[in-house]
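Q:
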Amino acid sequence: TRWSALNALLQRLPTTPPVDAYYVSSRYGKRKDPFTKRMAFHSGVDLGGVPRSRVYSTSPGIVTFVGKKGPYGRMVEIDHGLGLRTRYGHLRKILVKLKEEVAFRHKIGQMGSSGRSTGSHVHYEVLFDGKPVDPMKFLKAGIYVFKG
């Protein structure tokens, strides 16, 4: 029973990157804002890559937001349950609809540079109970989960 519960939890955690090929162009936390040149909090991680690269959901869930959202540009937000949500910003194109149920690695959009952006990337955010947490912690944990 305990193993089944742990397995169900693992299937809900966003432990894989939303793109296949990327480089980290900006980390989570305090950083120098590329526009204002002042220190500011960055609530996600920017994964740079080739324009129009496919962006995938990192865990199954329900799409709770689709559209333009201020500096995020074209954005998708997915509710994964258990208080977890993910955001995918600066998309070139959105391929899902509001309230759509998505599976793990469901194609949700294309990498772009919409909104307040300096180049082709996806701004990837993980929120727990409405508060941002470092997505890299989930991605690093995923390396170990998929090894075993």
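Position one of the sequence shown corresponds to residue 144 (the working numbering), numbered consecutively onward.
All residues carry an ideal CB built from backbone N, CA and C; glycine is no exception.
Every value quoted in this text rests on a predicted model; they were computed, and no experiment measured them.
Tell whether a beta-carbon distance below 8 Å holds between Pro177 and Thr261.
A: yes
Q: With DSSP as the reference, label Phe281 as helix, strand or coil.
A: helix
Q: So if DSSP puts Gly226 in a beta bridge, which residue, or which two residues, is it bridged to?
A: In the DSSP output, where bridge partners are listed per residue, Gly226 has none listed.
Q: Pick out whichever of Gly204, Arg197, Lys212, Val206 has its Cα sitting closest to the Cα of Arg259.
A: Lys212
Q: So, helix, strand or coil for Tyr171, using DSSP?
A: coil
Q: What do you get for Pro214, buried or exposed, if any count of 16 or more other CB atoms within 10 angstroms of its CB means buried?
A: exposed
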